[in-house]
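All residue numbers for the sequence shown refer to this note's numbering, where the first residue is -9 and numbers rise by one. Each remark here refers to the structure printed beneath this line.
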Amino acid sequence: MDLQQIKEILNKAGFSAESLTVMNQVLDEAIEKSFLTKEGKEKLLGIIDTETELANIEADIMEQVAIALESFASELDKANEIAGNEVDTAEKTFDFDDKQIQDTLAA
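Have a look at this one:
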């Protein structure tokens, strides 16, 4: 694989714009010289490692957000169920009291 192909692959990989700018600069210099220096290689690998670490951190955060949202949704479901039960109880109490009043008035 030549340096131009590596550059094309890295440009499609989804790195941040800042990282791509530096990587493209390193690769353009390498393409011009027809070889990648040790410093250039280390710079590219460092950027790739940093981007990978950031992606892993982002994935962990998104997982934590998803868990928090699931927990929140579960709590809302419980609250809705409790509220529904309280409404049912209030309706039954009202119906019972209303029937007693109707019976008293009818008597």
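For every residue, glycine included, the Cβ atom is placed at its ideal position computed from N, Cα and C. These numbers come from a predicted model, not from an experiment.
Helix, strand or coil, according to DSSP, for residue i in the structure here?
{"i": "A7", "result": "helix"}
{"i": "D88", "result": "helix"}
{"i": "D78", "result": "helix"}
{"i": "D67", "result": "helix"}
{"i": "M13", "result": "helix"}
Under the rule that 16 or more other beta-carbon atoms within 10 Å means buried, what is residue i, buried or exposed?
{"i": "V16", "result": "buried"}
{"i": "I37", "result": "buried"}
{"i": "M(-9)", "result": "exposed"}
{"i": "L34", "result": "buried"}
Using the Cα positions of residue i and residue j, report the straight-line distance between them to the nearest angstrom.
{"i": "I51", "j": "E19", "result": "36 Å"}
{"i": "L(-7)", "j": "F25", "result": "8 Å"}
{"i": "A46", "j": "I21", "result": "Position check: residue 46 holds Asn in this sequence, whereas Ala was assumed. Roughly 31 Å separates the two Cα atoms."}
{"i": "N1", "j": "E71", "result": "51 Å"}
Is residue i near the ligand ATP, in the sense that its beta carbon is under 7 Å from a heavy atom of that ligand?
{"i": "N14", "result": "No copy of the ligand ATP occurs in the structure displayed, which carries no ligand at all."}
Query - Segments of 3+ residues assigned as beta strand (DSSP E) that fall wholly inside the stretch 16 to 56 - result: If we require 3 residues or more, the stretch 16 to 56 turns out to have no beta strand (DSSP E) run fully inside it.
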